[in-house]
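Asker: This is the structure I have questions about; it appears just below.
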Amino acid sequence: MELKVWVDGIQRVVCGVSQQTTCQEVVVALARAIGEQRTGRYVLVQKLREKERQLLPLECPLESLAKCGQYANDVQFVLRRTGPSVAERPSSDGAPHAPERTFIRASLPIKPRPMSTEVPRSREPKKAMTFNLGPMGSGELFAKSRWRQHVWEGMDFKEGAGAGQASKEELFKTVLRQQEQLHSLEVHEDSLEMDLRHWEHSRVPSQEDEIFFLEQLVRRNETELGEEEFWQSELRLEKECERERQERVRSLRASLEDYTQRIYELSARTEALQKEIQWEMAERAKRGKETPGPSTLESNLASVEKALEEAERNLQAQNRELEELNKELRQCNLQQFIQQTGATVTVAPARPEEDAPLGRAGCEAPAQPPHGGQRPGSCVRVGRGLGAARQTPSCSDFGGSPLGIHVGKEGSLILNF
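To convert, note that position 111 of the sequence shown is 111 in full-length UniProt numbering; the numbers rise steadily by one, no gaps.
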């Protein structure tokens, strides 16, 4: 992951930053990128709008960025130079280097008692002062060792003074040098006390601001947690819907595979049927070449049917013409009979059951009705010429006419039509 840091108004990008990357590692990487021309002490400051907070060396920038929540996009990281390095600090042979200020407890060397030209009678208890400072660097250790060396030199000088090994001038120089060291230590102690008081007073409002900021952050996190619960429920619903959609997609895929298989089978059957149809057409064409086609047979059959219908129509016309001729023949025979007999003839309509088929010839004597009566409407009475009527020739005299004439009792004639 990348982390953007502002260095002297220029935005630089630190690559490969993870959740475990500390602020000290980021500062070291930026210091190496800047080069040796800008050596010194640097701190990483987190800036959110108008508020700034100095990150601790072991604090992770990404975790601090994640705590800001929705304001993470407004956070800026700034690399600031707080002071020169240990090598750049001014040093003197007479005064040791001042210890660096950090948040870790450290102890200062014991403040010795000012020495005079006289040999001290007794040693006073040593005083120790403890401050909330950081670990001593190599310069501080070197200064402390030098100070101890000077103290031991002074003690050796005092022990050897009684033996007469050191002169008075050397003792005086040693006393002056120790006084200078004590004076420098006192000045350094005063400066440390002033810095400590200033740091304690300036720490109170910053702590209040930080507490206020943390309270706001807690409230914002609570609201974000409520929103997170809502979105988690929405996520569960979406996952269920997604699961249902996946099931539906799988079922659709299975049905699609089934339909694809059926389509493949139908395509194979269609190809087989097409091949069979082509083979059948080829066979029909081959048979058509060998034998006359069905079209000629159908045409011949149609012509035969037409001829048959025409013959039936002609037969019906001939039957009708034959009926007309039979009717005319009967009328002619009747007229001839009337002319020969000279009698009045009453013709009654014949009953349907007494009609004879066309072409029937000959005469039949009707059956005598019971009680000596005659059937009404089936006889012809001749009013005069009874003797002549009795001498009327039989049916055969009419030349085989279908008209039947019978002579009944009392000289009556019966004509059957």
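Virtual Cβ for every residue (Gly too), placed ideally from N, Cα, C.
Are there 16 or more other CB atoms within 10 angstroms of the CB of Y259, so buried, or fewer, so exposed?
Answerer: Its Cβ having fewer than 16 others within 10 Å, Y259 is exposed.
Asker: From the DSSP secondary-structure annotation, give me the bridge partner or partners of Q11.
Answerer: W6
Asker: Rounded to the nearest angstrom, what separates F230 and R248 at their Cα positions?
Answerer: Annotation: F230 to R248 spans about 27 angstroms, alpha carbon to alpha carbon.
Asker: When burial is assigned at 16 or more other CB atoms within 10 Å of the CB, is C23 buried or exposed?
Answerer: buried
Asker: So, do the region 16 to 33 and the region 57 to 76 have three or more beta carbon pairs nearer to each other than 8 angstroms?
Answerer: Touching, yes, given that three or more Cβ pairs across the two stretches are closer than 8 angstroms.
Asker: Near L48, which residues of its chain fall below 7 angstroms by C-beta distance, leaving aside the five closest residues on each side in sequence?
Answerer: C68, Y71, D74 and V75
Asker: Rounding to the nearest angstrom, what Cα-Cα distance links Q274 and S267 in this structure?
Answerer: 10 angstroms
Asker: Helix, strand or coil: which one does DSSP assign to L48?
Answerer: strand
Asker: With burial defined as no fewer than 16 other Cβ atoms inside 10 Å of the residue's Cβ, what is the status of E186: buried or exposed?
Answerer: Note on E186: under 16 other CB atoms within 10 angstroms of its CB, so exposed under the neighbour-count rule.
Asker: Is Q232 helix, strand or coil when you go by DSSP?
Answerer: helix
Asker: Between which residues of its own chain and V78 is the CB-CB distance below 6 angstroms, once the five residues before and five after are set aside?
Answerer: W6, V45 and K47
Asker: Alpha carbon to alpha carbon, how far is M194 from Q178? Give it in angstroms, no decimals.
Answerer: 24 angstroms
Asker: With which residues is Q340 paired in a DSSP beta bridge?
Answerer: Partner(s): none; Q340 has no beta bridge.
Asker: Closest to L55 by CA distance: which of Q335, R80, T174 and K327 is it?
Answerer: When only C-alpha atoms are compared, the closest one is R80.
Asker: Can you name, in chain order, every residue of its own chain whose Cβ lies under 8 angstroms from the Cβ of E210, other than the five neighbours on each side?
Answerer: Hits under 8 angstroms: R53.
Asker: Given a cut-off of 8 angstroms, decide if V27 and M1 are closer than it, judged by their beta-carbon atoms.
Answerer: no
Asker: Mark C60 as exposed unless 16 or more other C-beta atoms lie within 10 angstroms of its C-beta, in which case mark it buried.
Answerer: buried
Asker: Quick one: what does DSSP say Q19 is sitting in, helix, strand or coil?
Answerer: coil
Asker: What is the C-beta distance between F213 and K51, in whole angstroms, given that I count them as a contact (C-beta under 8 angstroms)?
Answerer: 6 angstroms
Asker: Give me the DSSP bridge partner(s) of R53.
Answerer: Q46
Asker: By the 10 Å Cβ neighbour count, where 16 or more other Cβ atoms means buried, how is Y264 classified, buried or exposed?
Answerer: exposed
Asker: F77 bridges to which residues according to DSSP?
Answerer: According to DSSP, which records beta bridges pairwise, F77 is partnered with V5 and Q46.
Asker: Label L30 either buried or exposed according to how many other C-beta atoms from any shown protein chain fall within 10 Å of its C-beta, with 16 as the threshold for buried.
Answerer: buried
Asker: Starting from E63 and walking both ways along the alpha helix (DSSP H), at which residues does that stretch end?
Answerer: P61 to K67
Asker: Return yes when the Cβ of R32 is within less than 8 angstroms of the Cβ of T82, no when it is not.
Answerer: no
Asker: Should L3 be labelled buried (16 or more other beta-carbon atoms within 10 Å of its own) or exposed?
Answerer: buried
Asker: Quick check on DSSP: helix, strand or coil for L58?
Answerer: coil
Asker: Quick check: the Cα distance between E208 and L235, rounded to an integer number of angstroms?
Answerer: 39 angstroms
Asker: Between the C-alpha atoms of R220 and S255, what's the straight-line distance to the nearest angstrom?
Answerer: 51 angstroms
Asker: Buried or exposed: L181, going by 16 or more other Cβ atoms within 10 Å of its Cβ?
Answerer: The sequence as given places Gln at residue 181; Leu does not occur at that position. Per the 10 Å Cβ criterion, buried.
Asker: With 16 as the cutoff for other CB atoms within 10 Å, does V14 come out buried or exposed?
Answerer: buried
Asker: Please report the straight-line C-alpha distance between A285 and S299, rounded to a whole angstrom.
Answerer: Spanning the alpha carbons of A285 and S299 requires a straight line of approximately 19 angstroms.
Asker: Within 10 Å of its beta-carbon, does T174 have 16 or more other beta-carbons around it, so buried, or fewer, so exposed?
Answerer: buried
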